[in-house]
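**Q** In our numbering, the protein residues as written are 7 to 667. For each residue, glycine too, the CB sits at the ideal point set by N, CA and C.
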Ligand code: GAL
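Pasting the structure below:
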């Protein structure tokens, strides 16, 4: 079964609304709701005084209607009495300003008081609801770090120092890692180490890196504390928390987090201003599947229509919500949930869309909710299957952090931007992509891409070297492999660790000024970045043909063992990444099938193949799949057309299970 539902906040509504809610949930085919995300203040209105009556009623009602509950631990937003009694739990920003209560997530991840009070609530909830028939899953916190990822208070500073002591053998090792001979930053005792607070000019970038690692770990330990309690008190019930793999959010190292959750879940919202939002969505879904180890995951939140937090929150167009949902399922989601079930009357999110809008059931959004519920029910047999890919993109949260630092060659070089551009190139060729962490074993892939993989260690380069030597094709982009895992330049000619693999050395970076472009010798253009490349065995595929580097290499290819290592020393513009991706796919023997607006992704399981077809185009297109459409029950031929903006899920069965001898 594919779960269908959303965040449910019955506490915002009078009791008689609850009855209408469950009736309408049944009508819409809702099978799962997340309850209690922000209900700490109501569940524990005074210290150690718990009021579970309303939640008992809600869970009983949901159980009677066979709606499963993803029960939140409520710890995302501490109650007013707690921050009133203990203002020291409020987070402090980089400028030293303590943030106030009155919004949400106003807590310091290192605060012992917060952690103790959170544990107490979790203990109560777990004990009370462990055996409840509605309970299907625990939802610890909510979007950890969305607003409070980095706290600079004294408690965090002390915790950071504890983390440093646990990470480094001695203060000298910290000095070494942080290059503290520079600008007289030498430390003689761990006690002198600080979070990277507001300083007269640039912070120490290695200190910033460690602080981001620490901050991700501090929140992770909050999650682990809740998870361990839940496992102990309610054995067998999976624990999740919703990640934020979307729009370049990079505050947590989700590769580390993904190892700790029982099931990966993600929240995704599209950028209303982005005409290619569906490609960003596809990337986010593929990255989430990568985090899930290629196992199914849950789309915990997305929106039926407009959100409330972008500058201009446009409504979704007819069919857009269905296409968004089907895209996520195509790329491995076994659950389609929304924020939220019923639109709030008050509060900061009253203009956020919901499954049931303010206007009620006589509305376009409600009708599309019902339609989606029916479709999701028809996709039950898809659950558990997963896409397959022969292309791996390396994704690294730490490189993303490093490229957000100050004092770099160009402020325009952003990990998420280049990942998105490279991904979009492949998307246009109908190529499904797996995301892998740095240092991953690349065996079995035909093409591996390292987009702005700024930091690399020798151990992370070794599997790449082996992969290419034994026949793999790799593409490395500019500004990769420049620093080590302490953010120190790896000496020996950029990019030293990749120099022999790529057959070149980069002598000097020459980023482009804002709005400037440069031409390549095939007539294409590039922006953002150029650099002086000296080949050392690599063939030149393209040269710069304008600007100070005219005549110098821009794209190269090096044959190594039985494979090839390509390098691109600029940021391709227009359809440049698409053309390069096509060339790379040809070099690695992969099928390149231009999508022309129609996205096709196949999930496999045993003998079954489910091809998801999503027509993003405004005219009918060939469906390009044969079998039975699970959504309509109709037989489908390759040459049939799929209507403008429509979706289909075409099931076909192989004679033998894939992978059988
Ligand atoms: C998410 C959050 C939800 C809601 C939603 C609005 O980040 O988890 O509680 O605020 O955004 O889009």
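(1) Given the structure, does residue 275 come close to ligand 1, in the sense that its CB is under 7 Å from one of the ligand's heavy atoms?
(2) Given 7 Å as the limit, tell me if residue 255 has its C-beta closer than that to any heavy atom belonging to ligand 1.
(3) Excluding the 5 residues preceding and the 5 following residue 116 in the sequence, name in chain order all residues of the same chain whose CB lies nearer than 6 Å to its CB.
(4) Over what stretch of residues does the beta strand (DSSP E) that includes residue 398 continue unbroken?
(5) Here's the rule I'm using: 16 or more other beta-carbon atoms within 10 Å means buried, otherwise exposed. How should residue 31 be labelled?
(6) Report the rounded CA-to-CA distance for residue 87 versus residue 429, giving the unit in angstroms.
(7) Would you say the segment 418–438 touches the segment 462–476, given that touching needs at least three Cβ pairs under 8 Å?
(8) Compare the beta carbon distance of residue 39 and residue 8 with 8 Å and say whether it is the shorter of the two.
(9) If distances are taken between C-alpha atoms only, which option among 154, 176, 493 and 278 comes closest to residue 258?
(10) For residue 218, collect the residues of the same chain with a Cβ closer than 7 Å to its Cβ; drop the 5 residues on either side in sequence, then sort them by chain order.
(11) Starting from residue 668, trace the beta strand (DSSP E) in both directions and tell me its first and last residue.
(12) So residue 335 is in the alpha helix (DSSP H); what residue range does that whole segment cover?
(13) From the DSSP output, in three-state form, read off residue 113 for me.
(14) Kindly indicate which three-state DSSP category residue 271 falls into: helix, strand or coil?
(15) Would you tell me roughly how many angstroms separate the C-alpha atoms of residue 13 and residue 33, rounded to the nearest one?
(16) What residues are listed by DSSP as bridge partners for residue 180?
(17) Can you tell me the Cα-Cα spacing of residue 191 and residue 602, whole angstroms?
(18) What is the DSSP secondary structure of residue 305, reduced to helix, strand or coil?
(19) Taking 8 Å as the threshold, find out whether the segment 294–309 comes into contact with the segment 181–195 through three or more Cβ pairs.
(20) Taking residue 616 as the reference, give the member of 653, 494, 518 and 447 with the closest Cα.
(21) Residue 11 and residue 49: beta carbons closer than 8 Å?
(22) From residue 323 to residue 651, what does the alpha carbon distance come to, in whole angstroms?
(23) Taking a contact to mean a Cβ-Cβ separation below 8 Å, would you say residue 349 touches residue 297 in this structure?
(24) In the DSSP output, what is residue 656 paired with across the bridge?
(25) Using the three-state DSSP reduction, which class does residue 623 fall into: helix, strand or coil?
(26) With a floor of 4 residues, list each alpha helix (DSSP H) that falls wholly inside the segment 464–494, ordered by position along the chain.
(27) So does residue 358 have its beta carbon nearer than 7 Å to some heavy atom of ligand 1?
(28) Quick one: grab the DSSP three-state call for residue 21.
(29) If you check the beta carbons only, do residue 397 and residue 596 fall under 8 Å apart?
(30) Between residue 176 and ligand 1, is there a pair consisting of the residue's CB and a ligand heavy atom that are separated by less than 7 Å?
(31) For the alpha helix (DSSP H) holding residue 253, just list the boundary residues, first then last.
(32) Excluding the 5 residues preceding and the 5 following residue 642 in the sequence, name in chain order all residues of the same chain whose CB lies nearer than 8 Å to its CB.
**A** Taking the definition as stated:
(1) Yes, ligand 1 has a heavy atom inside 7 Å of this Cβ.
(2) The answer is no for residue 255.
(3) Result list for residue 116: 161, 162, 165 and 224, in chain order.
(4) Here the beta strand (DSSP E) through residue 398 covers 397–400.
(5) A residue is called buried when at least 16 other Cβ atoms come within 10 angstroms of its Cβ; residue 31 meets this threshold and is buried.
(6) Approximately 47 Å between the Cα atoms of the pair.
(7) No, because fewer than three Cβ pairs between the segment 418–438 and the segment 462–476 fall closer than 8 Å, the two stretches do not touch.
(8) In this structure, residue 39 lies away from residue 8, with their beta-carbon atoms at least 8 Å apart.
(9) If we check each option's Cα against that of residue 258, 154 comes out closest.
(10) The beta carbon of residue 218 sits closer than 7 Å to those of 407, all from its chain and outside the five residues before and after it, given in chain order.
(11) No answer is possible for residue 668: it lies beyond the span of the chain, which begins at 7 and ends at 667.
(12) 326–336 is the span of the alpha helix (DSSP H), which, as asked, contains residue 335.
(13) Looking at residue 113 - three-state DSSP - the assignment turns out to be coil, as it is neither helix nor strand.
(14) Here residue 271 sits in strand by DSSP.
(15) Roughly 17 Å between the two C-alpha positions.
(16) DSSP, once it has assigned bridges, lists no residue as partnering residue 180.
(17) Near 55 Å, if we compare the C-alpha coordinates of residue 602 and residue 191.
(18) Three-state result, residue 305: strand.
(19) Contact between the segment 294–309 and the segment 181–195 is absent: fewer than 3 CB-CB pairs across the two stretches fall below 8 Å.
(20) Closest option to residue 616, Cα to Cα, is 653.
(21) Result no, Cβ atoms of residue 11 and residue 49 do not sit closer than 8 Å.
(22) Rounded to the nearest angstrom, the two C-alpha atoms are 10 Å apart.
(23) At a Cβ-Cβ threshold of 8 Å, residue 349 and residue 297 do not count as neighbours.
(24) Looking at the DSSP assignment, residue 656 forms a beta bridge with 617 and 635.
(25) Residue state, collapsed to three classes: coil.
(26) Segments of the alpha helix (DSSP H) lying fully in the segment 464–494: 464–475.
(27) For ligand 1, at least one heavy atom lies less than 7 Å from the Cβ of residue 358.
(28) Correct three-state label for residue 21: helix.
(29) Cβ atoms of residue 397 and residue 596: closer than 8 Å.
(30) Outside the cutoff, so no.
(31) It is not in any alpha helix (DSSP H) - residue 253 carries neither H nor E in the DSSP assignment.
(32) Cβ within range, chain order: 629, 631, 632, 633, 634, 635, 654 and 656.
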